[in-house]
Ligand SMILES: [Zn+2]
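Residue numbers (the numbering used here): 3 to 597.
Have a look at this one:
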């Protein structure tokens, strides 16, 4: 009986609700806790009891801050989850914004439903509340990129940049029972704003997303974003306004960068006011601006490149937001959510769709069942708050904004893994997309590929080969799912005890290790504000001192070790707080790196 099992509790047969449950002897880990979005049959799963008691989950690992990966966290916390939520610094920052917004939205929607009398529950219930979110965000624990991070009992995780949104990571989970790589959502080779994605260490088992598994992004022919530029020009010329639904996180930044470039090139009128109308997007913009200081943006990019529009206005006040619906002059409004599943974009659509002078430009993937998809498919009317409005505005799609890898990008990511996986689980795609991508992986890379069903459970072994435990009733077993006979190399060299070695032991310290220590110290400094106030100055000062030492010409490793130990000791005094625990966990790595 194998000891490591994996259950697909979301993003199986759909692109949303990412949740993968990993069971080990004495340990239960959830990778991502996404909300189901889009089609009603999936959305209703958000309200079902979670398949295992949330209190039985020891910890959660988060790949990135999109709601379909983190939006279910507050429901788990409300229902008893108390463990740490491991994620990168950028993800912790952005997920806090995303979840606060989601909590407000849930409360508001329940209120509207109550007032409009169209709720199934009486009184109308929110899925979770802002109070649930406030209990969730203190559980975030920051993990640096590109470092084997010890979770205890021989379990380690390594975050590798995924180039999808700020903070996004692929996660390699190494355990004594085997190792699994979760791709998370993968960006294209070339993100317009972020540092490019990296190549994670290979694992016998790999889960890979397949949002665009059946498509290739069109090669940019001619001028970039001409679909958008042209739509803006003709809309403004006829006296209409442009609405750009965009995900508040990442997409808004990229849309602003594109608008800046179009404006500077004289391809759209310069005097049109541009509004970012989403409190979440405005908050996320700040996180992107600040990311420059942490080296997370492309070398050739300054934050000014995406917010330096002279007539840009950031709207946070709800009354200002409503006034935008009847502007004195044509304007461009960027608002979320990107698929028009909720948020302020809804009241803009309700007000703007009936006027044929207006234009709506979609800037990304529109999931089945979302208002965005319905509009792109030519809907003639649309229901808002229980009432239909006619759709007369022009509907346009600019396909050049995607930050999801296309089929070739995904194949390239798999091909770069070393060692190659023994089994690939294709997830996070609509059915046709996952199946098409699975076929491509089989034919181009010759790997064993499985498209798991929702709630399917498989057992894994350290060297590869897996066994389906409980395929969903009626599911047809994949013909290619037969375990490959040849044993594959393990991802990390086994230690003499036969266990995987979670943390690299180095006899002598190299420049890379010093860089790694600097990353750990910087991350720890970022966590000091989470400590009790009385502890903050002492720990902060010690950490800054050691960072100074590390950055010195030829660092005195003895002094570094001594300084880190002092900081560890000081932080350990605050270990009762989540911040204390995570700083101690982080700093404990420095002595290991020093050998
Ligand atoms: Zn995503």
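Ideal Cβ placement from N, Cα and C applies to all residues, glycine included. As the structure is a computational prediction, the values presented were derived from the model and not from experiment.
Contiguous alpha helix (DSSP H) elements confined to the segment 260-321 occur at 281-293, 306-309, taking only those with 4 or more residues.
Annotation: residue 22 is outside any alpha helix (DSSP H); the continuous beta strand (DSSP E) that includes it extends over 22-26.
For the alpha helix (DSSP H) assignment, the uninterrupted runs of no fewer than 4 residues enclosed by the segment 386-447 are, from N- to C-terminal side, 409-417, 433-447. Excluding five sequence positions before and after residue 553, the CB atoms of its chain that fall closer than 8 Å to its own CB belong to 520, given in chain order.
Assignment of beta-bridge partners to residue 247 by DSSP yields 337. Residue range 468-470 is occupied by the beta strand (DSSP E) that includes residue 470. DSSP, read as helix, strand or coil, puts residue 351 in helix. If you ignore the 5 residues before and after residue 340, its C-beta comes within less than 6 Å of the C-beta of 247, 248, 249, 253, 366, all in its own chain and listed in chain order. If the five residues before and after residue 186 are omitted, its C-beta is found closer than 8 Å to the C-beta atoms of 34, 65, 66, 71, 164, 166, 170, 171, 172, 173, 211, all from its own chain and listed in chain order. A Cβ-Cβ contact shorter than 7 Å links residue 229 with residue 400. Under the DSSP definition of a beta bridge, residue 89 partners with 144. Per DSSP, residue 571 lies in no beta strand (DSSP E) segment; the continuous alpha helix (DSSP H) that holds it begins and ends at 559-574.
Going by beta carbons, residue 445 and residue 529 fall outside the 7 Å limit.
With contacts defined by Cβ atoms closer than 7 Å, residue 58 and residue 30 form a contacting pair. Look at residue 545 here: in three-state DSSP terms it is helix. If you check the C-beta of residue 68 against ligand 1, you find a heavy atom less than 6 Å away.
Bounds of the alpha helix (DSSP H) holding residue 238 are 228-239. Closer than 6 Å to some heavy atom of ligand 1: that describes the Cβ of residue 187. Secondary structure of residue 161 (DSSP, three-state): strand.
One alpha carbon belongs to residue 108, the other to residue 556, and they sit about 54 Å apart. In the three-state scheme derived from DSSP, where H, G and I count as helix and E and B as strand, residue 255 is classed as helix. Secondary structure in the segment 29-91: the beta strand (DSSP E) runs of 3 residues or longer, each lying completely within the stretch, are 29-33, 61-63, 87-89 in chain order. The C-beta distance from residue 361 to residue 398 rounds to 6 Å, short enough to meet the 8 Å contact threshold. Per DSSP, the beta bridge partners of residue 383 are 392.
Assigned with DSSP and collapsed to three states, residue 459 falls in strand.
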